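Notes to accompany the following structure.
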Amino acid sequence: TVTIKELTNHSYIDHELSASLDSTDAFEGPEKLLEIWFFPPNNAVSAGKTLRDIAMDRWIEILKLVKCEVLSMKKTKELDAFLLSE
Amino acid sequence: SSLFVFDYKLTLKTCGTTTTLFCLDKLFQTIEQELSWNLHKTPDGKYKLFKVFYSRRCFLFPCKQAAIHQNWADEVDYLNRFFDNGKSYSVGRNDKSNHWNLYVTETDHSVPQAKECIEDDDETFEVLMTELDPDCANKFVCGPDTSTSAPAEPNEDKGHNLGYEMTKKTKLDEIYLNSSQDSNLSFHHDAFAFTPCGYSSNMVLDEKYYYTLHVTPEKGWSYASFESNIPVFDISQGKQDNLNVLLHILNVFQPREFSMTFFTKNFKSKSFQKILTINESLPEYTKLDKIIYDLDDYHLFYMKLQKKI
């Protein structure tokens, strides 16, 4: 279960965005779910850089096109989990 | 909304009037420029990737969506501009405008797979719930002047603090066995409570598996979604299955109606076999639809249920 330390170990957090967000006009819960496998899991082919080498400001640019902003992000050994503004 | 980025895979899940597919152009530019990946392309310039899924339930207010997201056919046309070998499915009843849509590409087997990949335990379980019980929905309303423990450390803030408190109050961090007594798996949590209402959270188990929850509690269009790629049976050493997971979620939200989808590569798995009859363990709900698709190397199970009156 989650412990309070999880409030202090973000890899990234946008406090300004967090304080300004307002969900009064939210009305559409159902999501659009996109999953892209560029290579198979346990990929034996491609060495070198991975998706996780894409910098945060690049993700922020890409997500702007989706009309989302990055609220916070947690990094683990195998994935980066972004919480977004919508 | 959430984004999960792995070495070679990403999952982007966005709600509201977001324009999810409009990220594709920039995403591919970024990948080709920054990662120097030379992605497979067909002669007519379409990407031939290992696998692509895009899915969504019918919207509650489709005409309020932006651009191509106003209707499924336009989304499919847009996806087909990028990807080779995509197929589109409408799953469930079309007459009720609450069916589920899926776009999936044929797996590109031209890229050699490492041996252990074949036995990959990839599965995705999604539960989409509408007309939440009002008392349950209210747990995700924090109101404009909710006091919370003031940020104690410089990188804490109110939205995340409230999100943490919502997680603890609703026990959404206890869906999968992960307390220190019964598991030594790592568990990471990130949650945010929106003002005046709403909740989003990402949980990561064992560094590589996630589940994510998004709640829009407003009366009239209340909604909650749960999505997980956790292979529950294996990860709990047989102590838990997807029925346990589903019962925990239904208890938190008590929806009047919900759909669930379960993707697996291995339809002989205990998880898949168990889920085929899962409605028999839900006496409060009546089964509306039960559909199984054989999608080349994945099996898809879809079920829609409604609370008995």
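Protein sequences, first through last, are from chains A and E. Numbering (this note's numbering) for the first sequence: 72 to 157. Numbering (this note's numbering) for the second sequence: 13 to 321. The C-beta atom is built at its ideal place from N, Cα and C for all residues, glycine as well. All values reported here derive from a predicted model rather than from experimental measurement.
**OP:** Take H111(E) and list the residues in its own chain whose beta-carbon comes closer than 7 Å to its own, dropping the five residues that flank it on each side.
**Re:** Excluding residues within five positions, the ones whose Cβ falls inside 7 Å are C70, S102, V103, G104, R105.
**OP:** Flag this pair as touching only if the stretch 96-114 of chain A and the stretch 52-69 of chain E have three or more C-beta atom pairs under 8 Å; answer yes or no.
**Re:** At 8 Å Cβ cutoff, the stretches touch.
Original post:
Using a C-beta cutoff of 8 Å, does I131(A) count as contacting chain B?
Top reply: The structure shown contains no chain B; its protein chains are A and E.
**OP:** Could you tell me the distance, in whole angstroms, from the CA atom of N92(E) to the CA atom of G98(E)?
**Re:** So the two alpha carbons sit approximately 6 Å from each other.
Subject >> Validate contact between the stretch 143-156 of chain E and the stretch 283-299 of chain E using beta carbons, cut 8 Å, 3 pairs >> reply: When C-beta atoms of the stretch 143-156 of chain E are compared with those of the stretch 283-299 of chain E, fewer than three pairs fall below 8 Å, so the two segments do not count as touching.
Subject >> Contact with chain A by Y256(E), beta-carbon distance below 8 Å >> reply: Residue identity differs from the one stated: residue 256(E) is Asn in this sequence, not Tyr. No Cβ of chain A is located within less than 8 Å of the beta carbon of N256(E).
**OP:** Identify the continuous beta strand (DSSP E) that holds A203(E) and give its terminal residues.
**Re:** Taken as a continuous stretch (DSSP letters only), the beta strand (DSSP E) holding A203(E) covers 199-205.
Subject >> Q41(E), buried or exposed, once every other Cβ within 10 Å from all chains shown has been counted against 16 >> reply: Exposed is the call here.
Original post:
By Cβ distance, which residues of its chain are closer than 8 Å to S82(A), with the 5 residues on each side in sequence left out?
Top reply: Correct list, in chain order: M144, K145, K146, D151.
Original post:
If you count every other CB in all the chains shown that lies within 10 Å of the CB of V216(E), and 16 or more means buried, which is it?
Top reply: Buried, since its Cβ has 16 or more Cβ neighbours within 10 Å.
Original post:
By Cβ distance below 7 Å, which residues in the same chain neighbour K286(E) in space, the five residues on each side in sequence not counted?
Top reply: Cβ neighbours of K286(E) beyond the five flanking positions: D253, N254, L255.
**OP:** Determine, using beta carbons only, whether G322(E) comes closer than 8 Å to chain A.
**Re:** Outside the displayed span of chain E (13 to 321) sits residue 322(E), for which this structure offers no information.
Original post:
In chain order, which alpha helix (DSSP H) runs of at least 4 residues are fully inside the stretch 84-114 of chain E?
Top reply: Within the stretch 84-114 of chain E, the alpha helix (DSSP H) runs of at least 4 residues that lie entirely inside it are, in chain order, 84-94.
Subject >> Per-residue contacts from D124(A) into chain E (C-beta, under 8 Å) >> reply: In chain order: E46, L47.
Subject >> Min CB distance T182(E) to chain A below 8 Å >> reply: So no, T182(E) is outside the interface.
Subject >> chain A contact residues for E219(E), given Cβ-Cβ distances below 9 Å >> reply: Within chain A, the residues placing a beta-carbon under 9 Å from that of E219(E) are T147, K148, E149, L150, ordered along the chain.
Original post:
So, are the CB atoms of L154(A) and F284(E) less than 8 Å apart?
Top reply: Contact: no.
Subject >> Interface positions of the stretch 80-93 of chain A facing chain E (Cβ-Cβ less than 7 Å), listed along the chain >> reply: Within the stretch 80-93 of chain A, the residues whose Cβ lies closer than 7 Å to some Cβ of chain E are H81, I84, H86, S89, A90, L92, D93, listed in chain order.
Original post:
What did DSSP end up calling L189(E) once you bin it into helix, strand or coil?
Top reply: The answer is coil: DSSP assigns L189(E) none of H, G, I, E or B.
Subject >> Where the alpha helix (DSSP H) through D147(E) begins and ends >> reply: Judged by DSSP secondary structure, D147(E) falls within the alpha helix (DSSP H) whose first and last residues are 146-150.
**OP:** Tell me whether T228(E) sits in a helix, a strand or coil according to DSSP, three-state version.
**Re:** T228(E): strand per DSSP, three-state reduction.
Original post:
For the putative contact between K21(E) and S14(E), defined by C-beta atoms under 8 Å, what is the C-beta separation to the nearest angstrom?
Top reply: Approximately 14 Å separates the beta-carbon atoms of K21(E) and S14(E); this is outside 8 Å, ruling out the contact.
Original post:
When you compare only the Cα positions, how much space is there between L262(E) and E118(E)?
Top reply: Going by the C-alpha atoms only, they are around 33 Å apart.
Original post:
Shortest alpha-carbon distance to L317(E) belongs to which of G28(E), K63(E), L47(E), M272(E)?
Top reply: Ranking G28(E), K63(E), L47(E), M272(E) by Cα distance to L317(E) puts M272(E) first.
Original post:
Do you know offhand how far E131(E)'s Cα is from I242(E)'s?
Top reply: Confidence at E131(E) is low in this model, with a pLDDT of 49, below 50, so the placement of that residue should be treated as unreliable; the coordinate-derived value is given next. Each residue's alpha carbon lies about 15 Å from the other.
Original post:
Below 8 Å between beta carbons: does that hold for L92(A) and G171(E)?
Top reply: Yes, the pair counts as a contact, with Cβ atoms nearer than the cut-off.
Original post:
Which chain A residues are close to P267(E), counting only those with a beta carbon under 7 Å from its beta carbon?
Top reply: One finds nothing in chain A with a Cβ atom closer than 7 Å to the Cβ of P267(E); even the nearest lies about 11 Å away.
**OP:** Spell out whether any CB of chain A is found under 8 Å from the CB atom of F284(E).
**Re:** Among the CB atoms of chain A, none fall inside 8 Å of the CB of F284(E).
Original post:
In terms of residue numbering, what span does the beta strand (DSSP E) encompassing H311(E) cover?
Top reply: Here the beta strand (DSSP E) through H311(E) covers 310-319.
Original post:
In the structure shown, what three-state DSSP assignment does V73(A) receive?
Top reply: In this structure, V73(A) counts as coil in the three-state DSSP scheme.
Subject >> Burial state of M127(A), where buried means 16 or more other Cβ atoms lie within 10 Å >> reply: M127(A) is exposed by the Cβ-count criterion.
**OP:** Check T30(E) in the structure and name its three-state DSSP category.
**Re:** Annotated three-state conformation of T30(E) is coil, per DSSP.
Original post:
What is the DSSP secondary structure of E131(E), counted as helix, strand or coil?
Top reply: In this predicted model, E131(E) has a pLDDT of only 49, less than 50, meaning its place in the structure is not dependable; the value taken from the coordinates is given anyway. E131(E): coil per DSSP, three-state reduction.
Original post:
At least one CB of chain A closer than 8 Å to the CB of W233(E): is that the case?
Top reply: Judged by the 8 Å Cβ criterion, W233(E) is in contact with chain A.
**OP:** Could you tell me whether the Cβ atoms of M141(E) and F265(E) are closer together than 8 Å?
**Re:** Using a Cβ distance threshold of 8 Å, M141(E) and F265(E) count as a contacting pair.
Subject >> Of the listed residues K183(E), K251(E), T228(E), P146(E), nearest to S195(E) (C-alpha basis) >> reply: A check of alpha carbon separations from S195(E) across K183(E), K251(E), T228(E), P146(E) identifies K251(E) as the nearest.
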